[in-house]
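A short worksheet on the structure shown next.
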Amino acid sequence: MIVNILEPAKGTVLDPACGSGGMFIAIKQYMDKHNLNCNENITFWGHEKVDHNARLCLMNIFIHHLGSGKIAGGDDANTYYGDYWGLNGKCDYVLANPPFNIARVNAKAAEDAGRLPFGTPQVSKLEIKNANFLWISYFYSYLNDTGKAGFVMPSITMSGTVDKEIRSKVVETKHIDLLINVAPKFFKNKFKGDCCLWFFNKKKPKEYENKVLFIDSSNYFVPVDAGHNTWNEWQSKNLISIVWLYRGQIERYKELINEYREQLKNYANKFSILVEQDNYLKAFKDKKEQLIKDSEFELSSTINRKEKMKLKQEWEEKHNDFDNAITIAKEFNWIYSKFGEGEYKDIPGFCKVAEIEEIRENDYSLVPGVYVGLEEEELEDQETFFKRMENMHQELDELEKEATELMSRIRKNKSLWMKSS
1 MIVNILEPAK GTVLDPACGS GGMFIAIKQY MDKHNLNCNE NITFWGHEKV DHNARLCLMN
61 IFIHHLGSGK IAGGDDANTY YGDYWGLNGK CDYVLANPPF NIARVNAKAA EDAGRLPFGT
121 PQVSKLEIKN ANFLWISYFY SYLNDTGKAG FVMPSITMSG TVDKEIRSKV VETKHIDLLI
181 NVAPKFFKNK FKGDCCLWFF NKKKPKEYEN KVLFIDSSNY FVPVDAGHNT WNEWQSKNLI
241 SIVWLYRGQI ERYKELINEY REQLKNYANK FSILVEQDNY LKAFKDKKEQ LIKDSEFELS
301 STINRKEKMK LKQEWEEKHN DFDNAITIAK EFNWIYSKFG EGEYKDIPGF CKVAEIEEIR
361 ENDYSLVPGV YVGLEEEELE DQETFFKRME NMHQELDELE KEATELMSRI RKNKSLWMKS
421 S
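Under the UniProt record's numbering, the residues of the sequence shown are numbered 1 to 421, in order.
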């Protein structure tokens, strides 16, 4: 998502919390898709405090043929306390998914290391209470005069009194391009809260200078399991297309609509479905009911066990294929019902273009929900409802298991303590 919105084409790329190099690989994949020569046009630079991860990053650079890439590892590469490569103010693109809510960063050492154009975040007992705005400051400071940044942050950075002064200074640069609020549990790690995607652009076109695009996608996702949500392929394309429309890139949006229609037309032909006036979703749902009846009848009419197993597998493949068609139809219906053939407009509960003055009036809150308002209530389809209930039950089971294990450890520790006393 970050790479597709930044659209890197040429220059210096920095990830100051690069881990194993996921952002670099995503850039290579994006450029390959758009017939751009990554090795000739991009130079990768990274910091990674954990030596093992830094070595993995270098290995990934080699495996994925990323050309020139320089990765600093170990304590010397701790971004809080130094600019290892001397890239402050020199980067065309900064991308990162840094560690969230880090405490106990030495305030004096961080101040001495610089790259804090908005001042030092809140300090307590000589330590920075929360490093989130250290990262935001770094991402901004590393950019050159025309640079762009895209990064992930916990949603608490968008509001509240802690470090509000820094947030207000960031807003007043007028370099915030857009913010996307994301549903909880989007990362396969211990952080399960809401997060957001921030985007800076130091060379915003004049007509966008005093504007910020807010997107609240916190209710727009696919549940993978109880502990993980994501966007499917078409949801990602839809979100990116909204940014295209905001930027006036209507032809790119129309290309997506044509891609939808081509895919859906192919499915309609494959399954012999008559569709009127782009109403693919209804036609496909009606066909789904018929497919279920046909498969049940054919399976019940087959006696030979071997033939029945083969037939069952064939029907499962057919149902899975058709489920994909319904997913595409749903997402086509979602985007087309909002933006038609291609004209950006604010959608209540989902997206809005806000003026800087409106952000000032809202005490520099950057929470998309403050600006987009409440969404028009949409009825949840049965499939989504049952999937959500299943995940909630699974999550409850996991919580109960954790609670049982915790109580067991408490009893064990209590028993050991009583014996020792």
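In this text, a Cβ means the ideal position worked out from N, Cα and C, and glycines have one as well.
Residues sharing a beta bridge with ASP286, DSSP: DSSP, once it has assigned bridges, lists no residue as partnering ASP286.
To which residues of the same chain is THR12 closer than 6 Å at the C-beta, ignoring the five residues directly before and after it? THR43, CYS91, ASP92
Consult DSSP for GLY160 and reduce its assignment to one of helix, strand or coil. The answer is coil: DSSP assigns GLY160 none of H, G, I, E or B.
Sequence-distant residues of its chain with Cβ nearer than 6 Å to LYS10 (five each side left out): ASN41
Where does the unbroken beta strand (DSSP E) through ALA354 begin, and where does it stop? Looking at the DSSP string, the run of the beta strand (DSSP E) that includes ALA354 is 351-355.
Any beta strand (DSSP E) of 3 or more consecutive residues that is wholly inside the segment 223-265: 228-230
Alpha helix (DSSP H) containing HIS319: first to last residue? 305-339
Environment of PHE339 [buried if 16+ CB atoms lie within 10 Å]: buried
Say whether the segment 118-129 touches the segment 146-159, bearing in mind that this needs 3 or more beta-carbon pairs closer than 8 Å, one atom from each stretch. The answer is no - the segment 146-159 does not touch the segment 118-129, with fewer than three Cβ pairs under 8 Å.
What does a CB cutoff of less than 6 Å around GLU111 pick up in its chain, not counting 5 residues either side in sequence? THR120
Could one say the Cβ of THR43 lies closer than 8 Å to chain C's Cβ atoms, at least one of them? The structure shown has no chain C; it contains just one protein chain.
Let me confirm a value: TYR306 is counted as buried when at least 16 other C-beta atoms fall within 10 Å, else exposed. Which label applies? For clarity, residue 306 is Lys in the given sequence; the question names Tyr instead. Exposed.
Alpha helix (DSSP H) runs contained entirely in the segment 98-123, provided each spans 4 or more residues: 107-113
Using beta-carbon positions only, say whether ILE25 and PRO8 come within less than 8 Å of one another. no
From this set, LEU281, ASP145, TYR30, LEU95, which residue's C-alpha is nearest TRP135's C-alpha? The shortest Cα separation from TRP135 among LEU281, ASP145, TYR30, LEU95 belongs to LEU95.
Looking only at its own chain, which residues have a Cβ that is under 8 Å from the Cβ of HIS52, when we skip the five neighbours before and after it? none
With 16 other CB atoms within 10 Å as the buried threshold, where does ASP363 fall? The residue in question, ASP363, is exposed, as its Cβ has fewer than 16 Cβ neighbours within 10 Å.
Evaluate contact between the segment 166-179 and the segment 200-213, counting only Cβ atoms and requiring at least three cross-stretch pairs below 8 Å. yes
What alpha helix (DSSP H) runs, 4 residues minimum, are completely inside the segment 7-93? Here the runs fully enclosed are 22-33, 38-41, 51-63.
Given 8 Å, three or more beta-carbon pairs between the segment 231-239 and the segment 325-333: yes
Taking LYS185 and GLY227 to be in contact with their CB atoms under 8 Å, please state how far apart those CB atoms are, rounded to whole angstroms. Contact between LYS185 and GLY227 holds, since their C-beta atoms are separated by about 6 Å, short of 8 Å.
So is SER408 buried or exposed if we call it buried at 16+ other beta carbons inside 10 Å? exposed
For PHE139, the first and last residue of its enclosing beta strand (DSSP E): First-last for PHE139: 132-141, but that is the alpha helix (DSSP H), not the beta strand (DSSP E).
Only counting the same chain, and skipping five residues up and downstream in sequence, which positions put a Cβ closer than 7 Å to that of ASP346? Excluding its 5 nearest sequence neighbours in each direction, ASP346 has C-beta neighbours in its own chain below 7 Å: LYS352, VAL353, listed in chain order.
Is it buried or exposed for PRO348, if we count other Cβ within 10 angstroms and need 16 for buried? Exposure of PRO348 is indicated by the presence of fewer than 16 other C-beta atoms within 10 angstroms of its C-beta.
Segment limits, alpha helix (DSSP H) that includes VAL372: 368-372
Spatial neighbours of ALA113 in its chain, beta-carbon cut-off 6 Å, leaving aside the 5 residues before and after: TYR81, GLY82
Run through DSSP, which three-state label would CYS404 get? The residue asked about is misnamed: residue 404 is Thr in this sequence, not Cys. Three-state DSSP puts THR404 in a helix.
By DSSP, does PHE199 sit in helix, in strand, or in coil? strand
Just to confirm my understanding: we take ASN97, look at its own chain, exclude 5 residues before and 5 after, and list those with CB closer than 6 Å. What are they? VAL152
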